[in-house]
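> Before we start, here is the structure in question, set down as C-alpha cells.
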Amino acid sequence: MDYTFTFLGLDIPIIPVAWMLAKIVVVFAGVMGLSAVLTWAERKGAALIQDRIGPNRAKFIGNFRLFGIFHLAGDGLKLIFKEDLVPGHVSRWLFWIAPLLAFIPAMMGFAIVPFGQSFEWRDFTFHLSVIDPENGMGMLYPLAIAALAVYGIFTASWASNNKFSMLSGMRGAAHMVSYEIGLSLAVIAVFMQAGHYDPHRIIEAQTGLWNVFAQPVGFLVFLVCAFAETNRLPFDFAEGESEIVAGFLTEFSGMKLGFLWLSEYIHLVTISALMATLYFGGWKIPFMPDPVGLLSNWLGPWIGPWLGVLLSIAAFAAKLLAFCWFFIWVRWTLPRFRYDQLMFIGWKVMLPIGFANLLFYAWLIHRAAA
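Here's what the structure looks like:
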C-alpha cells in the first residue's frame, strides 16, 4: 500500500511525516511539562531538605491539595497576567529577544536524545528520537546547541543596561565557556570508546557495561561541568542573588521572566538526558539489553513489542528523573563557591583531568588495536 500524498508536485510519505510531527509534539510537551513540574519539585525538595513544609496551600475542588502541585497553575497564571514592565534605560529590541535566545536553544538540545528503543511496524522503522540516527551530527549537535545558551544570558544582561546584570553576563559567559571545554573532553572519550558519536550507537555500545563504570573519571568531569553549564548551585554565578541582586534576571518580569526561568529547567532536563544517554545506557535496562525482542518472544508479536517499547521509555524516564532530583538535592545541600574558586576548578582541575582521561583511553584503544 502506498502511504504517500502529493503536495506541490512532490510525493510525501505520510507515516514518516506523521511520526516526525508526533515526536516533535510529544518531546516539546514532555520537556515543557517536566520543566514546569521541576519548579514545584525544587521548592518541595528544598523544604524536605531544610525540614520545612513547602508549597501546600493551593487547592482544587474542595480541599484537594496533592502536595501543593496546584501552585504550578498559580505560578503560570501569575506570570501570564503580570504587568510586563520594560524599564526606560534598557535596549528595547534586545530586551525582547533575549528570553527567546535563552529558550529556543534550550528546547532544541533534547532533539537528538533517544528516549526509548526503536521498533518496526508495517515495514517502517520508528526511532524514538526527534532526529533519526545516522544524521551526521550525533552528539555533536547538543554540544553545539549548548554553546548557544550563553548568548541568551549575555544578551539579557547587556540589554538590561545595569551594573548587576552586566557583571552577571560576564560571569556567565566566562564560566560557561570555561566548563564547555572540560565537558567536551569527557564526551570525546565516550565517542572514542563507542567508536561513533551517534547516540543510538553509544547506547548500543553500553550493552553489558555502562560507561559510568567504564569511564568513572570522565563521568565525574561531565557531572561537575554540567552544574556549571546549567547555572546551578554551587555554580550559579550568573544569578548570585546574595551578590548581584538577580543577575541577568533583575530587570525582567512577566512571561519574559517565565521564559528565562523555564530555560534553566529545560537545560537541567536536557543535561540529565545526556548524562543518562552517555553514561547510564540510555533506555537500556540492566540484564535486559533488548526489551522489545525479549518481550516479543515471551508475549508474542502483538503485545510484546509495545510493552518492550513502553518499558524502555520508563527506564529512560527513571534515569532522567533521578538526575533531575540529584541536581535539586545538590542545590539545596552545597553553598555557592567563590568566583575565583569556580574558575580555578574549571581551568586547573577539570581541564587537566579531562585531558588526562582522554589520553588514557586513547592509549587503551591504541594498545587494544595493536
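Following the numbering used here, the numbering of the sequence shown begins with 69 at its first residue and continues without gaps.
Each residue gets a CB set at the ideal place from its N, CA and C atoms; glycine is no exception.
(1) From the DSSP output, in three-state form, read off residue 295 for me.
(2) Enumerate, from N- to C-terminal direction, the unbroken alpha helix (DSSP H) stretches of 4 or more residues contained entirely within the region 316 to 403.
(3) Using 10 angstroms around the beta-carbon of residue 187, count the other beta-carbons present and answer buried if the total reaches 16, otherwise exposed.
(4) Leaving out the 5 sequence neighbours to the left and right, which residues in its chain are closer than 8 Å to residue 194 when beta-carbon positions are compared?
(5) Of all the options 246, 151, 161 and 319, which has the alpha carbon lying nearest to the alpha carbon of residue 233?
(6) Does the contact criterion of 3 or more C-beta pairs under 8 Å hold for the region 354 to 372 versus the region 392 to 401?
(7) For residue 423, report the span of its beta strand (DSSP E) as first-last.
(8) Tell me which residue opens and which closes the beta strand (DSSP E) that residue 193 is part of.
(9) Buried or exposed: where does residue 182 fall if 16 or more other Cβ atoms within 10 Å of its Cβ makes it buried?
(10) Residue 183 by DSSP, collapsed to three states: which one?
(11) Looking only at DSSP bridge pairs, what is residue 189 linked to?
(12) If I'm right that residue 159 touches residue 229 with Cβ under 8 Å, what's the distance once you round it to whole angstroms?
(13) For the alpha helix (DSSP H) that contains residue 272, what are its first and last residues?
(14) Buried or exposed, going by whether 16 or more other CB atoms sit within 10 Å of the CB of residue 118?
(15) Do the region 246 to 255 and the region 285 to 292 meet, that is, are 3 or more Cβ pairs less than 8 Å apart?
(16) Helix, strand or coil, according to DSSP, for residue 128 in the structure here?
(17) When we look at the beta-carbon of residue 329 and count the other beta-carbons within 10 Å, is it buried (16 or more) or exposed?
(18) Which residues in the same chain have their Cβ closer than 6 Å to the Cβ of residue 339, if we skip the five residues on either side of it in sequence?
(19) Tell me which residue opens and which closes the alpha helix (DSSP H) that residue 229 is part of.
(20) Using a threshold of 8 Å, state whether the C-beta atoms of residue 162 and residue 215 are closer than that.
(21) Can you tell me which of the three DSSP states residue 199 falls into?
(22) Between the beta-carbon of residue 166 and the beta-carbon of residue 224, is there less than 8 Å?
(23) Measuring CB atoms only, is the region 131 to 146 touching the region 203 to 213, in the sense that at least three cross pairs come out at less than 8 Å?
(24) Measure the CB-CB distance between residue 305 and residue 264 and report whether it falls below 8 Å.
Answer, in terms of the structure:
(1) Residue 295 sits at position 227 when you count from the first residue of the sequence shown. In this structure, residue 295 counts as helix in the three-state DSSP scheme.
(2) 322 to 347, 359 to 367 and 372 to 399
(3) In the sequence shown, counting from the first residue as 1, residue 187 sits at position 119. By the neighbour-count rule (16 or more Cβ atoms within 10 Å), residue 187 is buried.
(4) Numbered from 1 along the sequence shown, position 126 holds the residue referred to as residue 194. Cβ within range, chain order: 87, 186, 187 and 188.
(5) Taking the sequence shown and counting its residues from 1, the one referred to as residue 233 is at position 165. Nearest C-alpha to residue 233: 319.
(6) no
(7) Counting from 1 along the sequence shown, the entry for residue 423 is found at position 355. Residue 423 -> not in any beta strand (DSSP E); alpha helix (DSSP H) instead, spanning 419 to 437.
(8) Looking up residue 193 in the sequence shown gives position 125. That run of the beta strand (DSSP E) goes 192 to 194.
(9) By 1-based counting over the sequence shown, the position of residue 182 is 114. Flag for residue 182 reads buried.
(10) Locating residue 183 in the sequence shown gives position 115, where the first residue counts as 1. Three-state result, residue 183: coil.
(11) Your numbering for residue 189 matches position 121 in the sequence shown. According to DSSP, residue 189 bridges with 192.
(12) Reading the sequence shown from its first residue, position 91 is the one you call residue 159. Reading the sequence shown from its first residue, position 161 is the one you call residue 229. Correct: roughly 6 Å between the Cβ atoms.
(13) Taking the first residue of the sequence shown as position 1, residue 272 is located at position 204. That run of the alpha helix (DSSP H) goes 267 to 273.
(14) In the sequence shown, counting from the first residue as 1, residue 118 sits at position 50. Result: exposed.
(15) yes
(16) If you number the sequence shown from 1, residue 128 lands on position 60. Residue 128 falls in the strand class under three-state DSSP.
(17) Reading the sequence shown from its first residue, position 261 is the one you call residue 329. So residue 329 counts as buried.
(18) Against the sequence shown, residue 339 aligns to sequence position 271. Contacts found: 294 and 298.
(19) As a working note, residue 229 is residue 161 in the sequence shown. First-last for residue 229: undefined, no H or E at that position.
(20) Reading the sequence shown from its first residue, position 94 is the one you call residue 162. Reading the sequence shown from its first residue, position 147 is the one you call residue 215. Cβ distance not < 8 Å, so residue 162 and residue 215 don't count as in contact.
(21) Along the sequence shown, read from residue 1 onward, the residue named residue 199 stands at position 131. Three-state DSSP puts residue 199 in coil, outside helix and strand.
(22) Your numbering for residue 166 matches position 98 in the sequence shown. Your numbering for residue 224 matches position 156 in the sequence shown. It is a contact, given that the beta carbons lie within the stated cut-off.
(23) no
(24) What you label residue 305 is simply residue 237 of the sequence shown in a count that begins at 1. What you label residue 264 is simply residue 196 of the sequence shown in a count that begins at 1. Cβ distance not < 8 Å, so residue 305 and residue 264 don't count as in contact.
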